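Participant: Take this structure first; my questions come after.
4 protein chains.
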Amino acid sequence: MTNAEPAPEPPRRGFRTGRLEAFSDGVFAIAITLLVLDIAVSEVAGKHLLRSVIDLWPSYLAYVTSFSTIGAAWLGHNAITEYLERTDAAFIRLNLLLLLFAAFLPFPTRLFADYIRDDNAERVAATFYGICLLLTSTLLLVLWRYAVWAHLVRPDADDEEVGLLTQRLTPGLGGYLVLIAAGLFVPVVAVVGYLAIAIYYIIPFRRLSAGFFPRRRRPPGRDA
Amino acid sequence: MTNAEPAPEPPRRGFRTGRLEAFSDGVFAIAITLLVLDIAVSEVAGKHLLRSVIDLWPSYLAYVTSFSTIGAAWLGHNAITEYLERTDAAFIRLNLLLLLFAAFLPFPTRLFADYIRDDNAERVAATFYGICLLLTSTLLLVLWRYAVWAHLVRPDADDEEVGLLTQRLTPGLGGYLVLIAAGLFVPVVAVVGYLAIAIYYIIPFRRLSAGFFPRRRRPPGRDA
Amino acid sequence: MTNAEPAPEPPRRGFRTGRLEAFSDGVFAIAITLLVLDIAVSEVAGKHLLRSVIDLWPSYLAYVTSFSTIGAAWLGHNAITEYLERTDAAFIRLNLLLLLFAAFLPFPTRLFADYIRDDNAERVAATFYGICLLLTSTLLLVLWRYAVWAHLVRPDADDEEVGLLTQRLTPGLGGYLVLIAAGLFVPVVAVVGYLAIAIYYIIPFRRLSAGFFPRRRRPPGRDA
Amino acid sequence: MTNAEPAPEPPRRGFRTGRLEAFSDGVFAIAITLLVLDIAVSEVAGKHLLRSVIDLWPSYLAYVTSFSTIGAAWLGHNAITEYLERTDAAFIRLNLLLLLFAAFLPFPTRLFADYIRDDNAERVAATFYGICLLLTSTLLLVLWRYAVWAHLVRPDADDEEVGLLTQRLTPGLGGYLVLIAAGLFVPVVAVVGYLAIAIYYIIPFRRLSAGFFPRRRRPPGRDA
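Protein chains in written order, with my numbering: chain X, 501 to 724; chain Z, 501 to 724; chain V, 501 to 724; chain W, 501 to 724.
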């Protein structure tokens, strides 16, 4: 800080990352918290409240699944912005599109919880739910791929780490496709599968977690 | 930081910009996320859930339109505060007024989605929706015009860029007026038009995006 | 910053102000945005939607009144934290109590909007509304008085400014008491009065605005 | 700042604490504010609104109890992150799990308020409520214990302080267990007890407040 080197890191990261992160954090946090509003026992529960509360298990399953999926998307979003040196106009728009789908998730969640015990409707509800989860995950991958393609990633980011994050964000998409198909026959199984994908994204396996949580922020060599 | 030059940029920007931005980001993020609460299939959907989900297209159209409009307002708000050196008391109050209208948008959105298939009511709903969108956009322009008029803009901001942002925020207003009139006859077309205006604000055309996302933050010459 | 004087300003302010402000901003922003959820036309509006939308004026009045009151509380909260050098444990608890009342406001707001046209109920609704607004404003003043009493205010804060903010936060309380009494006879007038108090808090009169938005943050003499 | 001492404090704290705190603050703030949505007088209150408003006391009790519990969890969360030097992948996942339970609290709150006057259902509602509060508090303690175990705590943190925070977070759990059992017989008493636990967490007793609000941030010796 003595000479011509005025702490270049922060300004370089792009001047808008701060508010983009704040706004995205807000939308993720609100969407994840609104999920609870859709859990309700029917008006006439009265005497058999215990049974009513237990019978709500599809609501709990849907709550945990959507909470985990939005939580995983937030973790992924974190990992992505962590690697960014700056953002550009297209990135900010793609990010809005991602948020549009993430903020929409409470609706298919409620639909699934409401119709899971209805023989015909449950297939529709589970499939619709899966498609919405797939779109959210796809846009997260698109956001990351765009960031890499448009050279928004910090130059000091390890190629291996960048590759790991790409690998990490990809396989879930195939999983969703398989489960959406399965959901046409066994809807509950599909939703348990959606939950498994979310947990797969969330659980930090050793190497994978490195991709999600890069340890270094400063250029290599400065750590030593 | 050795001599008389104590990093003057941040303190100059006005000490309250931080919380004003945080509060505004919060309101925009919540308003945009609450939109989903108004999407619901009728209680008796049951057997024909697929049809019910498809029949909700006005809700989806309204969701995307309002999401895009609030998203565009947030982008515009970002662009405005980015140019500010400081805020003043009147700016903060105008900002509250803008948030009052932005936070109100979920109501006309729901109204439009609910009444779009009702021959008489749809005109009222589409017109009311358009007026609310127009008021939100107008206040965003007023906020910016006030900031320029009251010399709140950073002195190093390029005159051309300032003019570009003004140009960028203005034409939508005429568009809304035309579409509100059109909405009295063809409500759905009007709403598609509202969506088009929001997308016009969001999509970064080359030169325009410069107005929305000024690249420089430091005084000219320091980049070289 | 040359010697042993490591930028003492920020650490001194109390290490928790950041999250206290972020959490408070969040609660204010959410409470202010939830207000819109309580505006709804009755299910059977159908043909006469225009009339239904116009007949909702009590909802709009209540929305604007509560929005302005919460907005004013946020401005006052901003002014208070701006003067703080640090927070202490009791301040943080008082702040939670203030948020408890502020976050409660959507309920009396809805009550007023729902019952304003019911001859008996409107008195109850307007009085209850007024009491909740009074409690919120009182706690804001208590918070500020406590901060002054416990010497949490920055030592460089002008005594006159501190006095001005106290003056600024006080008179509304008397106004609420008068209006709550008036509300027993003319409920709508009382609510218009509540709105007037909120606007009085918000509108920046010349000297008063100085109390609300202190210009200096650094010790006197450093500006010269 | 001249030589090899590049302000080590902030980078050391772990690069993700900022967004983890912002996201957590958001979820706590939203969950605490959503509680008000579940307070409503029945549709037919009309003439006897005063009585209806008074009869809502279980809703107010539940509101205050859940508000205090979430507020206490937020304070505890603050105290925990205050001691952290950095976070790791497991900590972030445990934090998500804590938020999953905290964001769920509005549901049992509503359930308790709705069924407290129903002889059979009130036991179920109070027990369910207590279990959810217990799980939230347990996870807060688990989060803190994990942070200590995984050496995420700042090395300059006083052992005594660390022990105090552990002590502070622990006894409530036993209290919940006792009250959950009591709730099977006297549900309202149990809920008043839940409120008492929350207030115990919130009220700053002298020594305990030290555990919740460590005064020092810098290494010992630098204060002198």
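Cβ atoms here follow ideal geometry from the backbone N, Cα and C, with glycine treated the same way.
What you are looking at is a predicted structure, and each value in this text was computed from that prediction instead of being measured.
For the alpha helix (DSSP H) that T670(Z) lies in, which residues bound it at each end?
Facilitator: Note, T670(Z): premise wrong, no alpha helix (DSSP H); not H, not E.
Participant: W574(V) versus chain Z: which residues are under 8 Å apart at the beta carbon?
Facilitator: Per Cβ cutoff of 8 Å: F523.
Participant: Starting from D555(Z), trace the alpha helix (DSSP H) both ways and give me its first and last residue.
Facilitator: Looking at the DSSP string, the run of the alpha helix (DSSP H) that includes D555(Z) is L549 to D555.
Participant: When the distance is taken between beta carbons, is I680(V) closer than 8 Å to I616(V)?
Facilitator: No, these two residues do not count as a Cβ contact at 8 Å.
Participant: Buried or exposed for I580(V), going by 16 or more other Cβ atoms inside 10 Å?
Facilitator: With 16 or more Cβ atoms within 10 Å of its Cβ, I580(V) is classed as buried.
Participant: Establish whether the CB of P719(X) and some CB of chain W are separated by less than 8 Å.
Facilitator: For P719(X), the pLDDT reaches just 40, beneath the cut-off of 50, and the residue's location in the model is therefore unreliable, leaving the point undetermined.
Participant: Along the chain, which unbroken stretches of the alpha helix (DSSP H) at least 4 residues long are found entirely within the segment 602-641 of chain V?
Facilitator: With a minimum length of 4 residues, the continuous alpha helix (DSSP H) runs that stay inside the segment 602-641 of chain V are 606-615.
Participant: Anything in chain X within Cβ reach of L534(W), meaning under 9 Å, just list it in chain order.
Facilitator: Per Cβ cutoff of 9 Å: T533, L534, V536 and L537.
Participant: Taking 8 Å as the CB-CB cut-off, is I580(Z) touching chain X?
Facilitator: Cβ-Cβ to chain X under 8 Å: no for I580(Z).
Participant: Quick check: L599(V) and S552(V), are their CB atoms within less than 8 Å of each other?
Facilitator: No, these two residues do not count as a Cβ contact at 8 Å.
Participant: What separation, rounded to the nearest whole angstrom, lies between the Cα atoms of Y701(X) and L643(Z)?
Facilitator: In a straight line, the C-alpha of Y701(X) is about 42 Å away from that of L643(Z).
Participant: Helix, strand or coil for V564(X) per DSSP?
Facilitator: V564(X): helix per DSSP, three-state reduction.
Participant: List the residues of chain X whose Cβ lies closer than 7 Å to the Cβ of I530(W), in chain order.
Facilitator: Simply A529, I530 and T533.
Participant: Please check if any C-beta of chain X sits within less than 8 Å of the C-beta of R519(W).
Facilitator: Cβ-Cβ to chain X under 8 Å: yes for R519(W).
Participant: Since L695(Z) contacts S559(Z) with CB under 8 Å, what's their CB separation in whole angstroms?
Facilitator: So it is not a contact: roughly 14 Å between Cβ atoms.
Participant: To which residues of the same chain is V648(Z) closer than 7 Å at the C-beta, ignoring the five residues directly before and after it?
Facilitator: Closer than 7 Å at the Cβ level, and outside the excluded window around V648(Z), lie V662.
Participant: 8 Å is my cut-off, CB to CB: does F607(V) come that close to chain W?
Facilitator: True, the Cβ-Cβ gap to chain W drops below 8 Å.
Participant: So, with DSSP's three-state summary, where would you put R519(X)?
Facilitator: In this structure, R519(X) counts as helix in the three-state DSSP scheme.
Participant: Going by other Cβ atoms of all chains shown within 10 Å of its Cβ, with 16 needed for buried, is H577(W) buried or exposed?
Facilitator: Burial call: buried.
Participant: Within the 8 Å Cβ cut-off, does G663(W) reach chain V?
Facilitator: It does not; no Cβ of chain V falls within 8 Å.
Participant: Going straight from the alpha carbon of L535(Z) to that of A657(V), what length do you get?
Facilitator: Each residue's Cα considered, the two are about 43 Å apart.
Participant: Got a sec: is the Cβ-Cβ distance from L600(X) to anything in chain Z below 8 Å?
Facilitator: So, interface residue.
Participant: Using a cut-off of 7 Å between C-beta atoms, extract the partners of V624(Z) located in chain V.
Facilitator: By Cβ distance, chain V contributes L549, L550 and V553.
Participant: Against chain Z, with Cβ distances strictly below 8 Å, would G571(X) count as a contact?
Facilitator: Closer than 8 Å: no.
Participant: Look at the Cβ atom of L639(W), then the Cβ atom of L669(W), and state whether they are nearer than 8 Å.
Facilitator: Their beta carbons are not under 8 Å apart, which means L639(W) does not touch L669(W) by this criterion.
Participant: Taking Y615(Z) as the query, report the chain V residues whose CB atoms sit under 7 Å from its CB, ordered along the chain.
Facilitator: By Cβ distance, chain V contributes L549.
Participant: What residues match up with V653(X) in a beta bridge as DSSP calls it?
Facilitator: Paired residue(s): L584(X).
Participant: Nearest by alpha-carbon distance to D538(W): which of V564(W), Y583(W), L549(W) and L520(W) is it?
Facilitator: Selected option, being the one with the closest Cα: V564(W).
Participant: Distance cutoff 8 Å, beta carbons only. Does V692(V) sit that close to anything in chain Z?
Facilitator: With 8 Å as the cut-off, V692(V) does not count as an interface residue toward chain Z.
Participant: Roughly how many angstroms lie between the CA atoms of P608(V) and I532(Z), to the nearest whole one?
Facilitator: Computed Cα separation, rounded: 24 Å.
Participant: Mind listing the chain X neighbours of F567(W)? Cutoff is C-beta to C-beta under 8 Å, in chain order.
Facilitator: Result: empty, since nearest Cβ-Cβ is about 15 Å, beyond 8 Å.
Participant: Kindly list the residues whose CB is nearer than 8 Å to the CB of L672(W), restricted to its own chain and excluding five residues on each side of it in sequence; keep chain order.
Facilitator: The residue asked about is misnamed: residue 672(W) is Gly in this sequence, not Leu. The residues are S637, I697, Y700 and Y701.
Participant: How long is the line joining the alpha carbons of V689(X) and A682(X), rounded to whole angstroms?
Facilitator: Going from the Cα of V689(X) to the Cα of A682(X) covers about 8 Å.
Participant: Just to confirm my understanding: we take V653(X), look at its own chain, exclude 5 residues before and 5 after, and list those with CB closer than 7 Å. What are they?
Facilitator: For V653(X), where only same-chain residues beyond five positions count, the Cβ hits under 7 Å are Y583, L584, E585, A647 and V662.
Participant: What did DSSP end up calling L684(Z) once you bin it into helix, strand or coil?
Facilitator: The answer is coil: DSSP assigns L684(Z) none of H, G, I, E or B.
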